[in-house]
Each structure stands twice: as structure tokens, then as C-alpha cells.
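J.: Here it is: the structure, laid out below.
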Amino acid sequence: LGRGASGVVRKAYRRSDGLGVAVKTMDLRALRMHGGDAFKIKKLRREVDVLRTLEHENIVHLYGAFGDDDTVRLVMELVEGRELFDAILSRGHYTEADARPIFVQLLKAVDYMHQRNVIHRDLKPENVLVTGDGEDVVKLVDFGLSKHVASAHGGSRAHTMVGTPSYLAPEVELQKPRARDGSMAYDAKVDSWSLGVTLYVMLVARFPVYHRDERGRIFGVKVPHALSAPARKLVEDLLNADPEVRATAADALASPWCAG
Numbered sequence: 001l002g003r004g005a006s007g008v009v010r011k012a013y014r015r016s017d018g019l020g021v022a023v024k025t026m027d028l029r030a031l032r033m034h035g036g037d038a039f040k041i042k043k044l045r046r047e048v049d050v051l052r053t054l055e056h057e058n059i060v061h062l063y064g065a066f067g068d069d070d071t072v073r074l075v076m077e078l079v080e081g082r083e084l085f086d087a088i089l090s091r092g093h094y095t096e097a098d099a100r101p102i103f104v105q106l107l108k109a110v111d112y113m114h115q116r117n118v119i120h121r122d123l124k125p126e127n128v129l130v131t132g133d134g135e136d137v138v139k140l141v142d143f144g145l146s147k148h149v150a151s152a153h154g155g156s157r158a159h160t161m162v163g164t165p166s167y168l169a170p171e172v173e174l175q176k177p178r179a180r181d182g183s184m185a186y187d188a189k190v191d192s193w194s195l196g197v198t199l200y201v202m203l204v205a206r207f208p209v210y211h212r213d214e215r216g217r218i219f220g221v222k223v224p225h226a227l228s229a230p231a232r233k234l235v236e237d238l239l240n241a242d243p244e245v246r247a248t249a250a251d252a253l254a255s256p257w258c259a260g
């Protein structure tokens with residue numbers, strides 16, 4: 001199904017019932033030889049630790065993890081589809097009607113995750129798989145940068161600058177110091193920002209253009225008037241530069257646009 005420098009993903013079948021699964025095999029020896037073992041192994045362990053706690057129809061399921069000093073195997077739900085990013089490229093962009101059910105499923109997955117105090121920290125179309133006959137079923141994947149926190153929205157914060165630049169929230173990008181030691185501090189609202197960028201890309205097929213002050217700080221987003229008023233409002237609420245008032249995934253689910 002796929003191959004990288006230090007691993008391969010193969011299709012397999014569970015002996016007990018013939019269920020098709022995806023087996024991700026990581027060669028730890030190859031990682032050590034290339035000098036990248038520490039970060040990648042940490043990502044792998046984090047993904048396993050987080051996925052073991054999540055059970056949602058729109059989040060890829062982990063059946064089990066096995067390994068030794070040289071090899072690790074993850075047995076995961078087999079998702080036969082493609083990245084949302086590729087679907088956007090082939091379509092040009094999504095209509096609001098076609099985007100709505102996809103985005104609502106993604107919001108439900110993120111809201112569920114946040115209720116269980118998990119921040120994804122790398123939400124983007126490349127980490128969303130669309131499957132089914134009409135590519136209308138969503139599976140959120142790649143939890144290698146995710147993090148368990150004491151409370152996703154209740155004052156517990158993460159401090160590491162991780163993620164994909166085009167989807168980073170301002171408080172991460174600018175490394176606004178909030179922690180006592182001066183390091184990064186942010187909460188689950190960083191996922192809300194990434195959701196806003198994802199929705200914008202789905203509907204417009206390009207990245208948002210932001211209003212910035214003289215110091216380069218984002219204070220607003222330019223939303224095309226071609227979008228409906230409810231869609232513009234949702235994008236603006238998710239891409240609010242102030243994390244204190246930025247919409248949560250739950251807020252977005254309750255928005256007029258998502259209600260249709």
C-alpha cells in the first residue's frame with residue numbers, strides 16, 4: 001500500500017474473520033542508521049498511545065501494536081481511499097454543498113478527540129482520508145504529533161512548536177510566550193485554526209490571505225464574497241487570530257453553515 005525510507009504498509013487479513021487491515025511496519029534499524037530514530041520513534045509511540053484511547057467512526061482505528069528492538073508493527077483499520085488534498089486538486093474546489101458533509105464529519109472527529117483531551121496539532125487535508133463510493137466518508141489519520149493534555153480547553157497547554165507551517169495558528173507560529181519558562185503555550189484552539197484553513201482550502205482551492213499589522217501579526221482573514229454568508233462567518237470564526245474567542249469544533253458544529 002505504501003513504502004518509505006524506514007517502513008512499509010501492507011494489506012493483510014485477520015485470520016479469525018478475514019477482516020482486511022493495514023499493517024504498518026517500521027524498521028528501527030534503518031531509522032538508527034539514518035540518524036533520525038529519536039524523533040520518528042517518539043512520533044510512533046505517541047501515535048500508538050493516543051490511538052489506543054480513541055474510538056470514533058471518523059478516526060482511523062488501531063487494532064494493535066507489536067514489536068521488538070528492531071521492528072514495530074501497527075495493525076490498523078484499512079482505509080481504501082485518498083487524501084482530501086488530492087480530492088481537492090482533482091475537483092478544483094468543493095462546492096459548499098459537497099464540502100459540508102465532509103467537514104462536519106471532520107469536526108465530529110476533532111470534537112470527540114478534544115473531549116478526550118487530545119490535541120491533534122497537524123490537521124490538514126493530507127491527514128484526512130476520504131473513502132466510500134462517493135468519497136463521502138472521512139477518516140482522520142496521522143496522530144504522530146498529537147498530544148494528551150489534562151484538559152483540551154480548560155487551561156492545560158502544550159508548549160512544543162510542531163505542525164505544518166501553512167496550517168499553524170498565530171500563537172504557535174509567533175511563539176507567543178505564555179508558559180512560566182517563556183516557552184510556547186497553546187491549547188486545542190490550534191486545531192480550530194487548522195480546521196479553518198482546511199475549510200478555506202476546500203472551498204477556495206488556495207490558502208487564505210491574511211490581514212497583518214506592521215509587525216507581521218495576523219489580525220484577520222480575507223474571505224471571498226463568492227462564499228455564502230454562513231460559510232464566510234464560519235471561516236472567520238475558526239480563523240480568529242485571538243484564541244480566546246476562536247470557535248471550537250463544537251461551536252463550528254452548531255454553526256448555521258454546518259446545520260445546512
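The opening residue of the sequence shown carries number 1 in full-length UniProt numbering; numbering runs sequentially from there.
All C-beta atoms, glycine included, are put in the ideal place defined by N, C-alpha and C.
Model, not experiment: these values are computed from the prediction.
(1) Consult DSSP for residue 189 and reduce its assignment to one of helix, strand or coil.
(2) Any contact between the region 85–95 and the region 225–242? By contact I mean 3 or more CB pairs, one from each, below 8 Å.
(3) The alpha helix (DSSP H) spanning residue 171 covers which residue range?
(4) Between the alpha carbons of residue 220 and residue 54, how many angstroms are there, rounded?
(5) Indicate whether the contact test is met: 3 or more Cβ pairs, each with one atom in the region 121–141 and one in the region 189–197, closer than 8 Å.
(6) If the criterion is Cβ atoms closer than 7 Å, does the pair residue 224 and residue 257 meet it?
(7) Tell me whether residue 204 sits in a helix, a strand or coil according to DSSP, three-state version.
(8) Using 7 Å as the threshold, is the C-beta distance between residue 127 and residue 142 below it?
(9) Measure from the alpha carbon of residue 77 to the alpha carbon of each residue in 88, 57, 68 and 86, then state which is nearest.
(10) Does the distance from the CB of residue 60 to the CB of residue 189 come in under 7 Å?
(11) Determine the DSSP secondary structure at residue 148, reduced to helix, strand or coil.
(12) Indicate whether residue 73 and residue 25 have their beta-carbon atoms separated by less than 7 Å.
(13) If the criterion is Cβ atoms closer than 7 Å, does the pair residue 18 and residue 9 meet it?
(14) In the DSSP output, which residue or residues are listed as bridge partners for residue 73?
(15) For residue 94, which of helix, strand or coil comes out of DSSP?
(16) Need the endpoints of the alpha helix (DSSP H) that residue 233 sits in, please.
(17) CA-CA distance, residue 239 and residue 65?
(18) What does a CB cutoff of less than 6 Å around residue 251 pick up in its chain, not counting 5 residues either side in sequence?
T.: Per the coordinate set shown:
(1) Position 189 of the sequence shown holds residue 189. Residue 189 falls in the helix class under three-state DSSP.
(2) no
(3) As a first step, residue 171 is located in the sequence shown; it is residue number 171 there, counting from the start. Per DSSP, residue 171 belongs to the alpha helix (DSSP H) from 170–173.
(4) Working through the sequence shown from its first residue, we reach residue 220 at position 220. Working through the sequence shown from its first residue, we reach residue 54 at position 54. Answer to the nearest angstrom: the Cα atoms are 34 Å apart.
(5) Verdict: yes, contact present.
(6) The residue you call residue 224 lines up with position 224 of the sequence shown. The residue you call residue 257 lines up with position 257 of the sequence shown. With respect to residue 257, residue 224 sits apart: the two C-beta atoms are not nearer than 7 Å.
(7) Here residue 204 corresponds to residue number 204 of the sequence shown, with the count starting at 1. Residue 204: helix per DSSP, three-state reduction.
(8) Walking along the sequence shown from the start, residue 127 turns up at place 127. Walking along the sequence shown from the start, residue 142 turns up at place 142. By the CB criterion at 7 Å, residue 127 and residue 142 fall inside the cutoff.
(9) Position 77 of the sequence shown, counting from 1, holds the residue named residue 77. Checked all of 88, 57, 68 and 86; the closest Cα to residue 77 is 57.
(10) The count along the sequence shown starts at 1 and reaches residue 60 at position 60. The count along the sequence shown starts at 1 and reaches residue 189 at position 189. No; because the gap between Cβ atoms is not below 7 Å, this pair is not in contact.
(11) Along the sequence shown, read from residue 1 onward, the residue named residue 148 stands at position 148. Secondary structure at residue 148: strand, using DSSP grouped into helix, strand and coil.
(12) Here residue 73 is taken as the residue at index 73 of the sequence shown, counted from 1. Here residue 25 is taken as the residue at index 25 of the sequence shown, counted from 1. Cβ atoms of residue 73 and residue 25: closer than 7 Å.
(13) Mapped onto the sequence shown, residue 18 falls at position 18. Mapped onto the sequence shown, residue 9 falls at position 9. Contact: no.
(14) Taking the first residue of the sequence shown as position 1, residue 73 is located at position 73. Residue 73 is bridged to 25 and 66.
(15) Within the sequence shown, the letter at position 94 stands for residue 94. DSSP places residue 94 in coil when its eight states are reduced to three.
(16) Counting from 1 along the sequence shown, the entry for residue 233 is found at position 233. 229–238 is the extent of the alpha helix (DSSP H) around residue 233.
(17) The residue given as residue 239 occupies position 239 in the sequence shown. The residue given as residue 65 occupies position 65 in the sequence shown. Near 37 Å, if we compare the C-alpha coordinates of residue 65 and residue 239.
(18) Along the sequence shown, one-based indexing puts residue 251 at 251. So the list is empty, once near-sequence residues are dropped.
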